[in-house]
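Be aware that the sequence shown starts at 15, since it is given in the working numbering, and climbs by one per residue.
Backbone N, C-alpha and C fix where the C-beta goes; we use that ideal spot for every residue, glycine too.
Note that this is a predicted model, so its numbers are computed, not measured.
Following: one structure in structure tokens, then a few remarks.
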Amino acid sequence: MPHNRLYFLTIFQLFLLAVVALTACAPKRHTDTLAAPASLETATANSPSGGLPRADPAYIQWLERQSMLGAAPRLSAQVSGTQIIWLNSATAQRLPMLLDAAPNWFYLNPYTVKQPVFRSLATPEFTDFLLRTGFNGLFIAPAYERGDVWQKSEHGSSDGENATSLKFDSILGDSADFDNLAERMDNARIQMGGNLPAAATGLGPDFMLQARYAQRFNGIYAMISVPQNAWDMLPQTTDEWECLPLRPEVTAQLAQRGLLPESLGRDALPWATPGGWAVTGEVRGTDGQTRRWIYRYNQDVLRPVLLWQDPSAQTKRIFSAAVIQHTGLQQQTLAGVKLEALMGLDVIARDTPRTGKPALNALTPGLEALNEIAREIHRYGGWALQADILPEDLTPAILSTAVDAARDSATPAAVAHALRTQDTLPLLKLLRKAIAAKTDQSRLARGLNEDKILSEARLLALGWRIGLPGLCFISSQDISHSSEQFFAEPASSDMLTSLARLLQHRKRADLARGKLLAVVSGPASCIAATSALPDGGFWLLVSNFSNKKQVVSIALPAGFAADAAQDVLDGQIFDGRNFEIPLDARQARHIVSVRPFYEGSRP
15 MPHNRLYFLT IFQLFLLAVV ALTACAPKRH TDTLAAPASL ETATANSPSG
65 GLPRADPAYI QWLERQSMLG AAPRLSAQVS GTQIIWLNSA TAQRLPMLLD
115 AAPNWFYLNP YTVKQPVFRS LATPEFTDFL LRTGFNGLFI APAYERGDVW
165 QKSEHGSSDG ENATSLKFDS ILGDSADFDN LAERMDNARI QMGGNLPAAA
215 TGLGPDFMLQ ARYAQRFNGI YAMISVPQNA WDMLPQTTDE WECLPLRPEV
265 TAQLAQRGLL PESLGRDALP WATPGGWAVT GEVRGTDGQT RRWIYRYNQD
315 VLRPVLLWQD PSAQTKRIFS AAVIQHTGLQ QQTLAGVKLE ALMGLDVIAR
365 DTPRTGKPAL NALTPGLEAL NEIAREIHRY GGWALQADIL PEDLTPAILS
415 TAVDAARDSA TPAAVAHALR TQDTLPLLKL LRKAIAAKTD QSRLARGLNE
465 DKILSEARLL ALGWRIGLPG LCFISSQDIS HSSEQFFAEP ASSDMLTSLA
515 RLLQHRKRAD LARGKLLAVV SGPASCIAAT SALPDGGFWL LVSNFSNKKQ
565 VVSIALPAGF AADAAQDVLD GQIFDGRNFE IPLDARQARH IVSVRPFYEG
615 SRP
């Protein structure tokens with residue numbers, strides 16, 4: 015085994031051993047320490063005038079301290095009345111700076127580690143692994159305390175994005191652990207990032223306080239109090255927080271009575287995450303009144319949706335506080351924004367034309383919220399990433415907002431289809447459509463929490479993240495045998511060495527800031543993409559998705575000629591404008607113009 019391959023494998027194994035050792039002392043689910051004491055949760059206090067019992071004031075105060083909105087005044091005070099608000103422009107467009115510094119990101123879902131991840135990553139071994147493999151960024155998400163700890167059921171959220179607090183989930187570690195990791199990453203010039211709370215949160219303190227009719231918390235969620243004379247239309251519950259979805263016929267009846275809108279814009283969006291209206295049990299308020307609430311949910315009744323357009327601006331205050339903490343105080347470079355639940359969360363205008371494609375105003379208030387949050391991220395010196403899975407037809411609209419980059423989920427899906435079927439036509443059409451639409455590929459991000467890839471074609475699949483402009487995200491599962499566990503062995507030392515060479519050359523060539531020029535098909539199941547590099551050179555990605563060896567003939571786009579071009583991995587030299595490129599079954603090759611950054615030497 016060559017020395018450099020052995021070194022990469024050893025570094026990765028040392029890091030994995032540290033993770034496995036810490037896993038043995040993983041903390042258990044800690045509902046009892048985070049949930050309110052039973053005496054508070056069920057207690058009521060008599061009114062001084064002998065009126066109706068009310069929710070216990072001590073319990074309400076305790077909930078406020080746990081809530082997202084409750085943290086907003088403290089975080090906002092870090093900025094209000096200071097010079098910080100003037101340090102950066104909300105309209106700044108500084109994406110090239112990010113692409114230069116951190117084109118390649120290591121993505122980690124901390125719940126695959128099952129132990130205090132901040133502490134385990136703050137090691138020389140992990141830092142060395144990132145640097146040696148060519149990663150310039152570390153993206154940890156999700157990271158906030160989840161709604162799971164507030165539920166009686168042991169069944170947790172499927173994606174971990176059901177945030178109910180702006181504090182880190184204690185399973186990840188505390189703020190001191192994060193600060194230690196952040197300092198180590200900063201010393202290594204590795205950027206950090208993660209997601210802000212999603213617009214569909216968990217069912218936690220903020221929801222409970224609004225349902226308790228705590229005045230300061232009105233307007234956070236899309237919630238409506240139902241008059242008691244309409245309760246007979248609602249499903250029966252046995253507990254305050256037994257939340258049940260409403261059947262379509264009940265929703266229609268409530269709409270006829272003017273309690274609910276007849277329809278929302280997102281109801282007509284075929285790609286929208288399934289959701290609807292749900293109802294709580296009978297909740298005792300701070301004023302002594304008992305109410306039942308109808309609220310909007312996304313995916314699950316335990317995922318209530320924030321109400322961006324409420325005149326109280328409570329949701330905006332929560333996001334503003336989250337940005338101040340994430341970007342300003344924690345100095346995380348990249349902030350993922352997940353607002354799919356807000357797309358179309360508005361009544362449909364009567365004059366809206368009914369076309370095959372929803373008009374952009376049917377996405378209100380999602381695009382407006384995305385634009386405003388991105389501008390706030392810029393104000394504190396960060397970069398905004400639209401991190402939801404959205405249709406590729408919406409990419410131009412997303413990129414017309416202030417976001418710096420948008421998640422590209424269509425290209426990885428087309429690559430996965432080609433791997434399964436050897437059919438590259440969808441991938442070809444997708445990229446040609448993007449070229450025709452003049453989509454700026456450098457503003458796209460690929461690899462965020464994608465489906466698992468076939469182990470035997472791992473480098474081929476990753477090649478379509480590495481070999482195109484834009485941000486590249488690669489997870490531990492992408493480079494290991496396991497689709498679930500972080501501490502699995504790497505697929506092979508050869509694979510890890512190849513990945514490191516590709517990522518290092520990607521940064522050196524500045525491919526992230528490149529421009530996709532042409533996509534061509536070759537023999538059956540073969541496809542090639544040529545990107546122009548900022549220095550005037552090119553990066554050619556050629557792939558064979560078939561199960562047999564093939565030779566692909568490639569002519570460079572007009573204006574390019576390679577007095578010297580070289581395969582990044584095997585060093586083969588090419589010259590001229592027309593290449594004959596042999597490919598093994600399920601192989602991708604990356605051919606890069608040698609000058610000016612290689613100066614004729616083998617990479």
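- Rounded to the nearest whole angstrom, the C-alpha separation of PRO284 and ASP200 is 43 Å.
- For the 8 Å CB-CB criterion, ALA411 and LEU374 form a contact.
- Excluding its 5 nearest sequence neighbours in each direction, ASN312 has C-beta neighbours in its own chain below 6 Å: ALA214, THR287, GLY289, VAL319 and ALA355, listed in chain order.
- With fewer than three CB-CB distances shorter than 8 Å, the stretch 261-272 does not count as touching the stretch 323-341.
- With fewer than 16 other Cβ atoms inside 10 Å of its own Cβ, GLU594 counts as exposed.
- Counted as a single uninterrupted DSSP element, the stretch harbouring SER494 is not any beta strand (DSSP E), since DSSP gives it neither H nor E.
- Shortest Cα-Cα distance from SER512 to any of ARG603, ASN385, ASP418 and ALA212 involves ARG603.
- Three or more beta-carbon pairs separated by less than 8 Å link the stretch 555-565 to the stretch 433-440, which places the two stretches in contact.
- Going by DSSP, GLU594 is part of the beta strand (DSSP E) stretching over 592-597.
- In the three-state reduction of the DSSP assignment, PRO571 falls in the coil class, being assigned neither a helical nor a strand state.
- Annotation for PRO124: VAL131, ILE154, ALA157 and LEU186 place their beta carbon closer than 7 Å to its own, counting only its chain and skipping 5 residues before and after.
- In this model, ASN194 and ALA72 are separated by some 35 Å (Cα to Cα).
- By the Cβ-count criterion, LEU530 is buried, with 16 or more other Cβ atoms from all chains shown falling within 10 Å of its own Cβ.
- The beta carbons of GLY207 and THR347 sit about 6 Å from each other, so the pair counts as a contact at 8 Å.
- C-alpha of HIS392 to C-alpha of ALA349: approximately 10 Å in a straight line.
- Listed in chain order, the non-local C-beta contacts of LEU274 below 8 Å within the same chain comprise ILE238, THR265, LEU268, TRP291 and ILE308, local neighbours out to five positions each way being set aside.
- By a beta-carbon distance limit of 8 Å, ILE605 does not contact LEU441. Their separation comes to about 19 Å.
- Comparing alpha-carbon positions, the option among VAL293, THR300, LEU359 and GLN344 lying closest to GLN323 turns out to be LEU359.
- Sorting PRO211, THR126 and ASP188 by C-alpha distance to the C-alpha of ASN176 places PRO211 at the top.
- The secondary-structure analysis by DSSP pairs PRO259 across a beta bridge with ALA292.
- According to the DSSP secondary-structure assignment, ALA543 is paired through a beta bridge with VAL533 and LEU555.
- By the neighbour-count criterion, in which a residue is buried when 16 or more other Cβ atoms sit within 10 angstroms of its Cβ, TRP553 is buried.
- When only Cα atoms are considered, ILE568 and ASN592 end up about 6 Å apart.
- Only residues of its own chain outside the window of five on either side were considered, and among them ALA471 and LEU474 have a CB closer than 6 Å to the CB of ARG600, listed in chain order.
- Rounded to whole angstroms, the Cβ separation of ASN118 and ALA401 is 17 Å, and the two are not in contact under 8 Å.
- In this structure, VAL417 is the residue among GLN224, GLN303, VAL417 and ASP549 with its C-alpha nearest to the C-alpha of GLN107.
- The stretch 340-385 is shown to contain whole beta strand (DSSP E) runs of 3 or more residues at 348-351, in chain order.
- One thing to note: GLN344 has its Cβ no nearer than 8 Å to the Cβ of ALA104.
- Between the stretch 520-530 and the stretch 476-485 there are three or more C-beta pairs closer than 8 Å, enough to call the two in contact.
- Closest by C-alpha distance to VAL533, out of ALA448, ALA91 and ASP589, is ALA448.
- Straight through space, the alpha carbons of PRO325 and LEU135 are spaced by roughly 42 Å.
- In the DSSP annotation of this structure, the continuous segment of the beta strand (DSSP E) that includes GLY207 starts and ends at 205-209.
- A straight-line Cα-Cα distance of about 16 Å links VAL429 and ILE403.
- When GLY342, PRO138 and ALA228 are compared, the shortest CA-CA separation from ARG305 is found for ALA228.
- For ILE154, the pairing in a beta bridge is given by DSSP as LEU122.
- In the three-state DSSP reduction, ILE338 falls in the helix class (H, G or I).
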